[in-house]
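For reference, each letter of the sequence shown is one residue, going -5 to 439 in our numbering.
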Amino acid sequence: MSLSPTQAIPAQASQRRDEPQKFQISTVWTAFFGFFIDVYDLYLPVMILAPAYLYFKPPQLVSPLLDSFIFAAALLGRPAGALFFGYFADRLGRKRVASVTMAGAGAAVLLTAFMPGYQSIGIASIVGLIVLRFLTGFFAGGQYTGAVTLAMETCPNSRRGFYGGLIGSSSNLSFIVMSLLGLLLFHLLPPAGLDSPYVQWGWRIPFVLGAALAFGFRNYMTRHVEESRRWLASGGGRTSFAALFTGVQVGSLVQGFVLMNGLWLSYMVPAVIVPSLLRTIVKLSAMQVTTIMLLASAIAFFGFVLGGVVSDRIGRRAAFLSQGIAATVIAPVLVYALVRLPGDQLVLAGALESISFFLVGLVWGSGPHSYLNERFHTGNRSAGYGIAFSFAIILPSFFGVYQHWLSAIMPMRDTAPLLLVIGGLVVVIAAFMGPETRKTNYVDQ
-5 MSLSPTQAIP AQASQRRDEP QKFQISTVWT AFFGFFIDVY DLYLPVMILA
45 PAYLYFKPPQ LVSPLLDSFI FAAALLGRPA GALFFGYFAD RLGRKRVASV
95 TMAGAGAAVL LTAFMPGYQS IGIASIVGLI VLRFLTGFFA GGQYTGAVTL
145 AMETCPNSRR GFYGGLIGSS SNLSFIVMSL LGLLLFHLLP PAGLDSPYVQ
195 WGWRIPFVLG AALAFGFRNY MTRHVEESRR WLASGGGRTS FAALFTGVQV
245 GSLVQGFVLM NGLWLSYMVP AVIVPSLLRT IVKLSAMQVT TIMLLASAIA
295 FFGFVLGGVV SDRIGRRAAF LSQGIAATVI APVLVYALVR LPGDQLVLAG
345 ALESISFFLV GLVWGSGPHS YLNERFHTGN RSAGYGIAFS FAIILPSFFG
395 VYQHWLSAIM PMRDTAPLLL VIGGLVVVIA AFMGPETRKT NYVDQ
C-alpha cells in the first residue's frame, strides 16, 4: 500500500532525526547571505542609483517625493511578500519558497540593471523602475520567511540566539560592501551629468553583481540545503492559516509586531538619521560621513553577534530587557553629544557613533530572528515571523515625518536622541509583556 504525501512526510522526518553539522551550518549561511543580499538590494537606490536618477526622469524634473517613492517601493514590497510567501512557506516548505524568492529577487534586480532611460522610453522608465523595486522587495520579503525560519528550525536549540544574531549582522556587512563599492565607482566614474559614464551605465554594475549573488546563493542552497525536519515532522502544512489570527497566536503576532517597531525605529537612528544629521548639522563631508559609517557598521556587526550569544546565556526576554535598557539610557546621550560636535572632531564623532550603533546592535542581536520564530507554532512559523518582522518596518520608515513634527517643539538635531529613546522604550515594554522563549522546543509545538 502506498503512502499519501502527508503520511510520507513524518516517515521521512523520522529517518533524519540526527542531522549532520554541515547541514545545520549550510542553512545558516544561506540565511546569512540571503539577508545580506536583501539589505544590499534595499540600499541600492540610496547609495548607488541616487546620483543616476536623472537617467530615468524628464529633464529639469526635481522631485524629492518621486525619489522617495523609489526607495519606498522596495520597503512596501517586503511586507506584501512576507505575507504571501510566508503562507506558502508553511504549506509547501521553507526550502522551496526560499529558492523561488531568491531567484525572483535576482531576476528583478537583473531586469533593473538593463532598464532603459527616459530618453529611450519616456515616462515608462521611471514607472518601470518603481515597479521593479516593488517586485525586488516583494521577493526579498518572502525570501527570509523561508531561509531564516529554515535556519532557526535546523540549528541547535542552544545556539539559536547566536545564529540569529549572526544572520542579522549580515546587514552591517552589506552596508560596508555597498559603501566601499560606491566609493570605488564614484572615484573611477564620477557622476557628472546625464551623459557621464556613471549615469549611462556605471550604476548598472552593482545591480548585476547583486543579481549574480542572488542566483549564486540560490544555487548553493539548492545543492547543499535540505528541508527543515521540524516542518516535515509537523505534517507539512496541516495548520490552518486562520489560526495565526486567533487565540495565543494572535497575541504572539501583536507582541512581536510591537517589539519589531521599536527595534526598527532604534535601528533607523544610527543607521539613517545620524548620517544625515552629520552632513546637514555637523557639516561633515560625504567622505567623512561614509568613513564614520564604515567604522560604526563594522563595530555594530560584533554587537549583533554578541547580543545573540548573551540571549543564549540569559534568555531572549532578559537580553531584550537588559540590553534594551542600556541602549535606551546610554545611546541617546551619545547621539545627543554627537550632533553637537564641531566639524573638526572626526575621531570623537566616529567613536560616539560606533558605540551607539554597537549598543543598538546588541539589542538587535538579542533575538528578533530567533525570538520571533520561537513565538509561533511550526505550521504558521514562517508567516508569523515574516508578518511581525516585515510589517513593523512601515511605521518607523516615516521617521522623516516624525522629525518634522518634533522640530516644531525642539531643534531638529534633538529629534534623533528622542526617537532613539522612544524606540528603546517600545522594545523594553514589548519584551516585558512577552514570555521567555529560549528553551522552546520546536518538536513539542
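Heads up, the beta-carbon is just placed ideally off N, CA and C, and yes, glycines get one too.
Using the beta-carbon count (16 or more within 10 Å), is residue i buried or exposed?
i	result
Ile117	exposed
Gln54	exposed
Asn435	exposed
Ala313	buried
Lys433	exposed
Val276	buried
Pro150	exposed
Phe211	buried
Asn166	buried
Arg223	buried
Ala294	buried
Asn213	exposed
Asp442	An answer regarding residue 442 cannot be provided, because it is not within the stretch -5 to 439 covered by the chain.
Near residue i, what residues of its chain come up, given a Cβ to Cβ distance below 7 Å and the 5 sequence neighbours on each side ignored?
i	result
Ser246	Arg369, Phe370, Gly378
Leu414	Ser260, Val263, Ala325, Pro326, Val329
Ile170	Leu288, Ser291, Ala292
Thr431	Arg310, Tyr365, Glu368, Arg369
Gly176	Met41, Ile42
Leu271	Val333, Arg407, Ala410
Met427	Gln249
If contacts are defined as beta-carbon pairs under 8 Å, then residue i and residue j qualify, I think. What distance do you get, rounded to the angstrom?
i	j	result
Phe26	Ser164	5 Å
Gly301	Gly359	2 Å
Arg72	Ala134	6 Å
Phe298	Gly417	Going by Cβ atoms, the distance from Phe298 to Gly417 rounds to 16 Å, so no, they are not a contact pair.
Tyr49	Gly111	4 Å
Phe128	Leu70	7 Å
Ser376	Gly80	5 Å
Ala227	Thr139	Contact doesn't hold; Cβ gap of about 19 Å is too wide.
Trp258	Pro390	4 Å
Thr409	Leu400	4 Å
Ala145	Thr24	7 Å
Ile441	Gly344	Coverage of the chain is limited to positions -5 through 439, which leaves residue 441 absent and any answer about it impossible.
Ser168	Val33	4 Å
Please work out which residues of its chain come closer than 6 Å, Cβ to Cβ, to residue i, disregarding the five sequence neighbours upstream and downstream, and give them in chain order.
i	result
Arg273	Val283
Gly159	Phe298, Val299, Gly301, Gly302, Gly359
Leu356	Gly297, Gly301, Gln317
Ile199	none
Leu126	Ala102, Leu105, Thr106
Once you ignore the five residues that flank residue i on each side, which residues in its own chain have a CB closer than 8 Å to its CB?
i	result
Pro184	Ser190, Tyr192
Ala331	Leu346
Thr216	Ser93
Strictly under 9 Å for the Cβ-Cβ distance: is residue i near chain D by that measure?
i	result
Leu419	This model lacks chain D altogether, as it is built from one protein chain only.
Run the proximity test for residue i: is its beta-carbon closer than 8 Å to any non-hydrogen atom belonging to the ligand MN?
i	result
Tyr49	The ligand MN is not among the ligands present in this structure, which contains no ligands whatsoever.
Worksheet item: Should the region 312 to 332 be called in touch with the region 347 to 356, which here means at least 3 C-beta pairs below 8 Å?
Response: Judged by Cβ distances under 8 Å, the region 312 to 332 makes contact with the region 347 to 356, as three or more pairs qualify.
Worksheet item: Pairing CB atoms from the region 73 to 87 with CB atoms from the region 371 to 390, are three or more of them under 8 Å?
Response: With a cut-off of 8 Å, the region 371 to 390 and the region 73 to 87 count as touching, because enough Cβ pairs lie within range.
Worksheet item: Of all the alpha helix (DSSP H) runs that stay within the bounds of the region 61 to 135, which reach a length of 4 or more residues?
Response: Whole alpha helix (DSSP H) segments, 4+ residues: 88 to 107, 112 to 115.
Practice prompt. Go through the region 279 to 361 residue by residue and report every complete run of the alpha helix (DSSP H) that reaches 4 residues or more, in order.
Written response: Counting only unbroken stretches of 4 or more residues, the alpha helix (DSSP H) elements lying wholly within the region 279 to 361 are 280 to 308, 310 to 332, 340 to 359, in sequence order.
Worksheet item: Is there contact here, the region 175 to 183 with the region 96 to 114, by at least three beta-carbon pairs under 8 Å?
Response: No: fewer than three Cβ pairs fall under 8 Å.
Worksheet item: Which residue spans inside the region 235 to 273 form an unbroken alpha helix (DSSP H) run of at least 4?
Response: If we require 4 residues or more, the alpha helix (DSSP H) runs fully inside the region 235 to 273 come out as 241 to 262.
Worksheet item: Which full runs of the alpha helix (DSSP H) of 4+ residues lie inside the region 401 to 431, going along the chain?
Response: The region 401 to 431 is shown to contain whole alpha helix (DSSP H) runs of 4 or more residues at 409 to 427, in chain order.
Fill in: Completely contained alpha helix (DSSP H) runs for the region 158 to 183, where each covers 4 or more residues
Listed in chain order, nothing qualifies, since the region 158 to 183 has no complete alpha helix (DSSP H) run of 4 or more residues.
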